[in-house]
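Each residue of the sequence shown is one higher than the last, beginning at 252 in the working numbering. Think of the CB as a built atom: it goes at the ideal place given N, C-alpha and C, for glycine as much as any other residue. Since the model is a prediction, treat every value here as computed from it, not as a measurement. Here is the structure we will look at.
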Amino acid sequence: DNYFHNPEAWDRVAQGLDDLASIADERDLCVVLLIHPRLVSLRTFHPFERHYAAVAEAGRERGFYVAEAFSYFEGIPGDELWILPWDQHPNARGHRLFYKALSDRLHQLPPSCWGGGSSGDHPLSTAGRDINWVSNQLEHRDPSVTLRTYAHVLPDVEVDLAFSEFSSGIPRRPEHLPE
């Protein structure tokens with residue numbers, strides 16, 4: 252209740268969000284604000300729900316993209332998500348749920364958040380780089396991780412195979428694809 256009964260505490264939260272918004276504006280960045288629930292009483296009437304709502308609204312007012320994670324945890328006994336019986340930090344299952352909440356929100360970001368105004372400006376679709384090269388640059392363990400993570404920003408490309416020579420059993424690709 253400190254946010255609601257202590258204006259100085261809320262002012263510090265708001266100032267921190269303002270500072271983050273200023274940095275994002277200076278660097279032309281999108282901010283994704285993950286609302287990380289406390290892993291206790293994960294039921295419909297969660298004791299901190301209104302706190303999360305206040306922070307989420309303050310983030311949206313500043314143009315942040317908000318990832319609200321509570322629904323990913325709702326109904327799960329909190330102690331099943333703790334790293335130890337006396338330590339409420341998330342265990343592996345809890346981290347997977349946080350990852351899912353954040354990943355789902357990241358997949359909803361507009362292309363402009365990935366480095367430009369269109370998917371053509373995204374790092375995966377620039378310079379005609381091979382997916383293996385991109386995966387290596389992003390330090391992903393293999394290209395399938397890269398593809399699963401960024402498939403939503405890759406351009407849809409359909410290639411007309413009418414030009415291919417199939418008589419040898421192996422299609423041959425011309426030097427230049429038709430436009």
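Range covered by the alpha helix (DSSP H) that runs through residue i
i: E331; result: Note, E331: premise wrong, no alpha helix (DSSP H); not H, not E.
i: L293; result: Per DSSP, L293 belongs to no alpha helix (DSSP H) and is neither H nor E.
i: P258; result: P258 to R278
i: V306; result: E300 to E312
Pairwise C-alpha distance: residue j and residue i
i: G314; j: G326; result: 30 Å
i: F321; j: N383; result: 35 Å
i: Y254; j: T295; result: 21 Å
i: T377; j: E259; result: At T377, the pLDDT of 44 sits below 50, so the modelled position is not reliable and the matter cannot be decided from this model.
i: N257; j: S386; result: 47 Å
i: R278; j: S363; result: 13 Å
i: A343; j: D355; result: 18 Å
i: Q339; j: L348; result: 15 Å
i: Y323; j: T397; result: 24 Å
i: P429; j: R399; result: Legend: pLDDT at P429 = 49, less than 50; position of this residue unreliable, value from coordinates given subsequently. If I take the Cα positions, the gap works out to 28 Å.
Beta-carbon contacts of residue i that lie in its chain and below 6 Å, excluding the five residues immediately before and after
i: G345; result: L332
i: I334; result: H340 and N342
i: A275; result: V282
Nearest-angstrom Cβ-Cβ length linking residue i and residue j, presumed shorter than 8 Å
i: A352; j: L285; result: 7 Å
i: L271; j: V282; result: 6 Å
Residues near residue i by beta carbon distance below 7 Å, same chain, minus five either side
i: V317; result: L284, I286, A307, G310 and R311
Delimiting residues of the beta strand (DSSP E) encompassing residue i
i: A318; result: Y316 to E319
i: G346; result: According to the sequence as given, residue 346 is His; it is not Gly. That residue, H346, is in no beta strand (DSSP E); its alpha helix (DSSP H) goes A343 to L357.
i: L285; result: V283 to I286
Beta-carbon contacts of residue i that lie in its chain and below 8 Å, excluding the five residues immediately before and after
i: S292; result: P298 and G329
i: P336; result: D330
i: D393; result: S386
i: V408; result: Any reading at V408 is ruled out, since the residue's pLDDT is 48, under 50, leaving its predicted position unreliable.
i: L360; result: C281, V283 and Y316
i: Q266; result: none
i: E300; result: F321
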